[in-house]
Amino acid sequence: MQNLAHHDIEKSQAQSIETVIEMRGVSTRFGEHVVHSDINLKINRAEIFAIIGGSGSGKSTLLREMILLQLPNSGSINILGINLTDISEKNALALRKRWGVMFQHGGLFGALTVKENVGLPLREHTTLSDAQIDAIAEQKLIMTGLKLEVGAQYPSELSGGMLKRASLARALALEPELLFLDEPTAGLDPISAAGVDELVVQLRDQFGLTIIMITHDLDLLWQVADRVAVLSDGRVQAVDSMLGLSSSNIDSVKAFFDGPRGRSAREQSALQAIKINDHLKDSSSKLK
Ligand SMILES: Nc1ncnc2c1ncn2[C@@H]1O[C@H](COP(=O)(O)OP(=O)(O)O)[C@@H](O)[C@H]1O
Ligand SMILES: [Mg+2]
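Using my numbering, read the sequence shown as starting at 143 and increasing by one per residue.
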């Protein structure tokens with residue numbers, strides 16, 4: 143009861159902003175090795191939220207904790223209003239249907255066709271008929287920009303970009319509210335990667351999905367991320383837009399924009415400023 147009342151108050155205070163993921167004081171270690179020492183994060187509904195940080199900074203571990211594949215040593219994680227500590231089997235199963243995950247290496251089953259792979263979550267979690275499952279799987283293939291014929295192919299026959307799309311189609315099979323992407327553009331050529339950028343934005347805009355992604359891809363970050371959390375030394379050092387982060391004074395954030403990446407970052411922030419300017423001009427001319 144108390145929880146419910148608290149939730150209602152928060153809701154009325156938050157108005158249109160709804161927190162869908164909240165991590166508080168999360169600490170994680172593997173033996174002596176401390177990966178997270180005090181992680182605090184809030185992710186809002188329908189935002190594209192990115193997590194960046196050096197290799198080994200604990201990004202994937204954080205994502206695994208959000209999707210119930212791993213428990214932190216301490217702290218709390220709340221997803222869609224449900225606390226993950228001591229979660230019941232029933233709630234865990236219900237939650238798993240409300241998110242889709244695209245792992246870094248796709249994770250499609252080689253012995254199944256693409257369409258069978260996409261339909262798999264529906265076979266596991268619903269009582270839909272084979273014909274209904276096929277129809278939904280085909281719809282998801284189209285939605286992710288794949289041709290229907292691809293459904294009959296095996297994962298080994300697909301290009302890297304098509305594999306990413308197929309695994310995205312599978313992540314979307316159960317029409318989730320949350321979508322987790324671990325390095326969605328890793329290993330793709332620039333054109334395929336740009337296609338993923340557009341797809342991510344489209345999923346958020348058309349279906350109101352909340353997207354949580356881990357990425358090193360600066361283009362993807364500049365093009366699509368609403369907010370970016372920088373993970374370093376076991377903590378979230380900053381959460382801001384890329385534009386905000388690019389002028390940060392925090393050392394670990396500056397480090398991300400220094401070196402070979404720095405020039406590209408500066409170019410991007412200049413480009414972004416031009417785009418915002420154009421957008422403003424465009425919307426003011428529409429008003430006229
Ligand atoms: N299951 C595990 N057992 C032991 N160490 C682990 C395990 N998973 C991750 N680690 C360690 O935790 C650190 C963070 O890993 P990870 O979350 O995969 O980093 P990132 O995704 O940021 O590269 C790394 O040092 C990694 O070796
Ligand atoms: Mg990782």
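All C-beta atoms in this analysis are idealised placements derived from N, C-alpha and C, irrespective of residue type, glycine included.
For clarity, every value in this text was computed on a predicted model and none was experimentally measured.
- Counting only unbroken stretches of 3 or more residues, the beta strand (DSSP E) elements lying wholly within the stretch 328–366 are 352–356, in sequence order.
- Nearest in C-alpha terms to Arg346, of all of Asn215, Gly261 and Ala188, is Ala188.
- Short of 6 Å from the beta carbon of Gly350, and not among the five residues preceding or following it, lie these beta carbons of its own chain, in chain order: Ala188.
- Excluding sequence positions up to five before and after Asp368, its CB lies within less than 8 Å of the CB of Glu189, Ile190, Phe191 and Ser383, all in the same chain and listed in chain order.
- The stretch 246–255 makes no contact with the stretch 221–231, as fewer than three CB pairs between them are under 8 Å.
- For Thr203, the shortest separation between its Cβ and any heavy atom of ligand 1 lies below 7 Å.
- Boundaries of the alpha helix (DSSP H) harbouring Leu305: Gly302 to Ala313, taken from the DSSP string.
- In the structure shown, Gln274 falls within a helical segment according to DSSP collapsed to helix, strand and coil.
- Between Phe322 and Ile354, the gap from beta carbon to beta carbon is short of 8 Å.
- In the three-state reduction of the DSSP assignment, Glu164 falls in the strand class, which pools E and B.
- Residue nearest to Leu210 within the set Lys239, Ser197, Ala371 and Ser199 is Lys239 (criterion: CA-CA distance).
- Asn186 carries a strand assignment under DSSP once its states are collapsed to helix, strand and coil.
- According to the DSSP assignment, Asn220 belongs to no alpha helix (DSSP H) but to the beta strand (DSSP E) extending over Ser216 to Ile221.
- Between the C-alpha atoms of Leu373 and Leu363 there is a straight-line separation of about 15 Å.
- Excluding residues up to 5 positions away in sequence, Arg307 lie with their Cβ nearer than 6 Å to the Cβ of Leu288 in the same chain.
- Sorting Glu317, Leu320 and Leu310 by C-alpha distance to the C-alpha of Asp339 places Leu310 at the top.
- DSSP, read as helix, strand or coil, puts Ser169 in strand.
- When the beta-carbon positions are compared, Asn220 and Arg171 stay at least 8 Å from each other.
- Around the beta-carbon of Glu174, fewer than 16 other beta-carbon atoms lie within 10 Å, marking it exposed.
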